[in-house]
Amino acid sequence: MRVLFLTHRLPYPPNRGDRIRAFQIVRALVPDVEVELLSLVHDPLEATEVPRLEQRLGVRVTPVAVPYYRNRVEAAVALAGSRPLTHVLLNAPGIMPAIRRIVDERRPDLVLAYCSSMAQFAMLSPLAEIPMVLDMVDLDSEKWSDMAEKSGLPLSWIYRREARQLGAFEREAVAHARATLVVNEREAEAVRRRVPGAHVTALPNGVDLWSLQPPPAPVDEPRVIFCGVMNYAPNADGVCWFVREVWPLVRKLVPAATFTIVGSDPTEQVRKLASVADGIEVTGRVPEVSRYLWSSTMSVAPLHVARGVQNKVLEAVAAGLPTVVTPAVLEGLPNEVRVACRLAESAEDFARQTTRILKMTGAERRAMAARANLAALSWEQQMSPLRHLLQDALSQAPGSGPWVPGRSHVSRRNDIRNATAEDTEQMESVERDTVFTSEF
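Just so you know, we're using our numbering here: the sequence shown kicks off at 22 and counts up by one.
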């Protein structure tokens with residue numbers, strides 16, 4: 022079986038949630054399946070990793086550049102239309118020519134689209150006639166809806182619009198796909214409610230136990246850590262809330278406590294946290310996250326918007342760190358790891374749980390983390406059904422046929438003509454005052 026894997030980001034190095042899952046998918050398939058990658062790349066540094074990925078996994082990789090600044094401008098214009106901004110931000114002039122070359126030279130038996138944003142390319146000719154499996158991971162439209170509920174204007178309007186437009190496309194993509202994968206049963210049930218009769222399977226995330234195994238001696242100093250991509254709005258909002266509402270309460274009871282925010286591309290708001298409160302460090306991108314985990318006492322996941330499984334929690338627990346989480350994070354965690362976590366539903370509760378763990382002995386903290394049944398969550402275990410899922414998809418009846426794009430290709434002039442007065446007024450305000458930001 023020959024599989025063309027479309028990814029919205031090069032899955033290397035595997036140092037963030039989306040890259041990690043995509044990397045592990047390829048790793049699981051290559052022993053038995055001929056895999057070819059077509060990956061969008063977002064900057065020159067990312068492009069330099071292509072040879073390393075090819076060498077490490079033995080796959081052919083076609084990188085396609087995404088014009089960052091041009092797409093931001095086009096996203097502002099696209100607010101007047103109905104195309105999901107996620108799709109606009111992933112515009113890549115070279116992708117369809119690259120796809121045509123691949124199909125002409127090495128026609129795949131199956132297309133695996135990673136995240137619904139890449140399904141837009143799999144649903145157009147020449148890939149539309151080839152069976153597609155969609156790995157949604159989680160429902161991005163639900164994430165935007167959650168963010169809209171927790172944001173004020175104008176962002177709430179942008180997020181609500183994105184939830185609506187992306188949700189409509191997600192339904193089309195699932196209907197077109199031979200099979201759809203998601204990260205847990207919660208997401209699977211959400212997809213089934215939206216597309217009755219869809220063939221949906223939960224393929225959970227795992228954790229790399231070998232690379233995260235902590236040193237024998239636990240850390241005694243009261244060091245709290247958060248790891249994540251720091252220009253991703255739920256991460257940035259979560260740590261800002263933690264520093265503003267929780268951290269002062271923690272420092273009152275544990276004056277020596279420190280909080281380290283580890284992750285690439287911190288926003289200006291996140292960078293300023295190091296100067297607005299005592300004991301806070303913002304690292305930016307680091308070569309090895311594991312070293313920061315091993316030098317910490319515990320981790321926190323203070324996200325109020327979270328879909329799917331938070332890899333940051335699995336990795337922290339694997340590194341020997343008990344973790345305090347919000348209800349949004351806990352909901353997506355597998356039962357095997359919940360026993361190593363403490364739930365906090367308010368700032369006061371979060372501070373109380375954090376302080377309680379900080380005051381434990383190192384041995385007590387290690388014992389708490391060790392309660393998690395991580396052996397059941399290894400990547401090898403979690404990805405083991407994947408090849409058979411793809412084989413089964415090839416034998417499934419075709420979906421809804423080639424995708425016929427709707428208003429996503431309508432001109433800006435017609436979009437503006439059809440927009441309501443309220444939408445147009447909101448759009449003009451947003452274009453003046455804001456820039457749409459996302460995990461891309």
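Built from N, CA and C at the ideal position, the CB exists for glycine as well.
Asked                                                                                               : Found
Buried or exposed (CB count within 10 angstroms, at least 16 for buried), residue 231               : exposed
Residue 225 vs residue 355 beta-carbon contact at 8 Å                                               : yes
Residue 33 - containing beta strand (DSSP E), residue span                                          : First-last for residue 33: undefined, no H or E at that position.
Helix, strand or coil at residue 396 according to DSSP, with G and I counted as helix               : helix
Residues bridged to residue 280 (per DSSP)                                                          : 245, 301
Beta-bridge pairing of residue 57 - partner residues as DSSP gives them                             : 25, 81
Contact the segment 364-383 vs the segment 270-287: 3+ CB pairs below 8 Å                           : yes
Three-state secondary structure assigned by DSSP to residue 203                                     : strand
Beta carbon of residue 40 nearer than 8 Å to that of residue 30                                     : yes
CB of residue 283 within 8 Å of CB of residue 294, strictly                                         : no
For residue 320, the residue or residues it bridges with in DSSP                                    : 246, 344
Euclidean distance between Cα positions of residue 437 and residue 180                              : Confidence at residue 437 is low in this model, with a pLDDT of 26, below 50, so its placement is unreliable and no value can be given for it.
Bridge-paired residues (DSSP) for residue 40                                                        : In DSSP, residue 40 forms no bridge with anything.
Entirely enclosed alpha helix (DSSP H) segments - the segment 179-242, minimum 4 residues           : 206-215, 230-233
Extent of the continuous beta strand (DSSP E) run through residue 364                               : 362-364
Rounded straight-line distance, which links the Cα of residue 57 to that of residue 25              : 5 Å
Inter-residue CB distance, residue 249 and residue 333 (contact presumed, cutoff 8 Å)               : 5 Å
Separation of residue 414 from residue 359, as counted between CA atoms                             : 33 Å
As assigned by DSSP and simplified to three states, the class of residue 313                        : helix
Backbone secondary structure at residue 286 - three-state DSSP                                      : coil
Which of helix, strand or coil DSSP assigns to residue 351                                          : helix
Residue 440 versus residue 185 - alpha carbon distance                                              : Caution applies to residue 440, whose pLDDT of 34 falls short of 50 and renders its modelled position unreliable; the value that the coordinates give is listed next. C-alpha separation (whole angstroms): 15 Å.
Nearest neighbour of residue 100, chosen from 268, 183, 155, 137 [CA to CA]                         : 183
C-alpha distance - residue 35 paired with residue 251, whole-angstrom precision                     : 16 Å
Exposure label - residue 23; buried when at least 16 CB within 10 Å                                 : exposed
Neighbour-count burial assignment, residue 394, 16 or more Cβ in a 10 Å radius                      : exposed
Segment contact, 8 Å Cβ cut-off, at least three pairs: the segment 107-123 with the segment 143-162 : yes
Reduced DSSP secondary structure (H/G/I, E/B, other) of residue 139                                 : helix
For residue 428, the three-state DSSP class (helix, strand or coil)                                 : Note on residue 428: pLDDT 37, under 50, position unreliable in the model; no value is reported.
Residue range of the alpha helix (DSSP H) that includes residue 307                                 : It is not in any alpha helix (DSSP H) - residue 307 carries neither H nor E in the DSSP assignment.
Residue 155: first and last residue of the uninterrupted beta strand (DSSP E) it sits in            : 153-158
Sub-8 Å separation of residue 318 and residue 245 beta-carbons                                      : yes
Inter-residue CB distance, residue 131 and residue 194 (contact presumed, cutoff 8 Å)               : Actually they do not touch by this definition, with Cβ atoms about 15 Å apart.
Rounded distance between the beta-carbons of residue 241 and residue 325, thought under 8 Å         : About 31 Å; that fails the 8 Å criterion.
Same chain, Cβ closer than 6 Å to residue 28, neighbours up to 5 away in sequence not counted       : 43, 60, 135
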